[in-house]
Amino acid sequence: MSRGAANSNCGYQIPIKVSRVEFPHFNGEDLGGWLYKCEQFFEVDETPSATKVKLASVHLEGKALPWHQMYMKERLTREIPNWEEYVKALNDHFGALIYDDPMADLVNLKQLGNIQQYLDRFDEIVNCLDLPNHYALSCFLGGLKSEISVNVRMFRPKSL
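Just so we're aligned, residue 1 is where the sequence shown starts under full-length UniProt numbering, counting upward by one.
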């Protein structure tokens, strides 16, 4: 199936959206998760590079929307930034607040609540790092409550 229908009179293509995937909204929280979803959407939808920032900006809400408006006003040029430049600006504003040092966050992570809460937090941090499986497993086991860790280690897990 073609991505666009050629218009023989004008010499351009009219894009036809074939994707039914909904573009994710961003409110200023979980930047990494939002960026991952954006990249997945762009790939599935075959989004042209020139429209990525425009598409993302209409899906901003909460504290992300006023940030975007100020970012665009403060730019020296009125041109829309490319996606890589925009992601860097987003990371500078929203990303660094979450994980200044994800390795330290991982090493210091301890299970305080239930296992699901610990696992969710662990996954958030580990996704910011490129760790060998055995090291991630060691950190995971080391952060568990001791009574749980002993029971899990008894089975000598090889992976998460």
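No residue lacks a Cβ here, since even glycine has one placed at the ideal position from N, Cα and C.
Rounded to whole angstroms, what's the CA-CA distance from E84 to R153? Just pull it up for me.
For E84 and R153, the distance between alpha carbons rounds to 42 Å.
Any beta carbon of chain B sitting closer than 8 Å to that of D30?
The structure shown contains no chain B; it is built from a single protein chain.
Measuring alpha carbon to alpha carbon, tell me which residue in L55, K88, Y36, E147 is nearest E124.
Nearest of L55, K88, Y36, E147 to E124, Cα basis: Y36.
CA-CA distance, E61 and F26?
Each residue's Cα considered, the two are about 6 Å apart.
Apart from the five residues on each side of it in sequence, which residues of its chain come closer than 7 Å, Cβ to Cβ, to G120?
The sequence as given places Asp at residue 120; Gly does not occur at that position. If we look at D120 and ignore the five residues flanking it on each side, it has no Cβ neighbours.
From which residue to which residue does the alpha helix (DSSP H) around C38 run?
Start and end: 31 to 45.
Less than 7 Å separating the Cβ of D120 from some heavy atom of the ligand GDP?
The ligand GDP is not part of this structure, which contains no ligands at all.
Starting from the Cα of N91, find the closest Cα among C139, I80, A64 and give me that residue.
Ranking the options by Cα distance to N91, first place goes to A64.
Cα separation between E74 and H134?
Each residue's Cα considered, the two are about 45 Å apart.
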